[in-house]
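> Below: one structure in structure tokens.
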Amino acid sequence: MPLLSWFNRDADLTRAAVAPYRLLEPVTSLSYGDPDSPNMLIEGDNLDALKSASASERTKSTEA
21 MPLLSWFNRD
31 ADLTRAAVAP
41 YRLLEPVTSL
51 SYGDPDSPNM
61 LIEGDNLDAL
71 KSASASERTK
81 STEA
């Protein structure tokens, strides 16, 4: 399996692990389409978006 490597990789992974969780909140004025759709468009910093989205997915899988 390939492994991604870059300058300061260990520091970046540590920083990502301690980044705070941010709650995703819908903005109804910008919402479009079926509100029950599982699709989301997240605007913001990639790390914040990924941490929030992955936490959201973990919650969904434990509710099922």
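Numbering-wise, my numbering comes out as the position in the sequence shown, counting from 1, plus 20. Don't be surprised by glycine CBs; every beta carbon is placed ideally from N, CA and C.
Expressed to the nearest angstrom, what Euclidean distance is found between the alpha-carbon atoms of A36 and M60?
One C-alpha to the other measures close to 22 angstroms.
> Mapping the DSSP letters down to three states, classify E83 as helix, strand or coil.
Any reading at E83 must be qualified, since the residue scores a pLDDT of 47, below 50, and its modelled position is unreliable; the value itself is stated next. Three-state DSSP puts E83 in a helix.
> Short of 7 angstroms in beta carbon distance, which residues of its chain neighbour A69, apart from the five on each side in sequence? Order them along the chain.
So the list reads I62, once near-sequence residues are dropped.
> What span of residues does the alpha helix (DSSP H) with L33 cover, start to end?
R29 to V38 is the span of the alpha helix (DSSP H), which, as asked, contains L33.
> Using CA atoms only, rank isn't needed, just tell me which of G64, P46 and D65 is closest to D56.
Ranking the options by Cα distance to D56, first place goes to P46.
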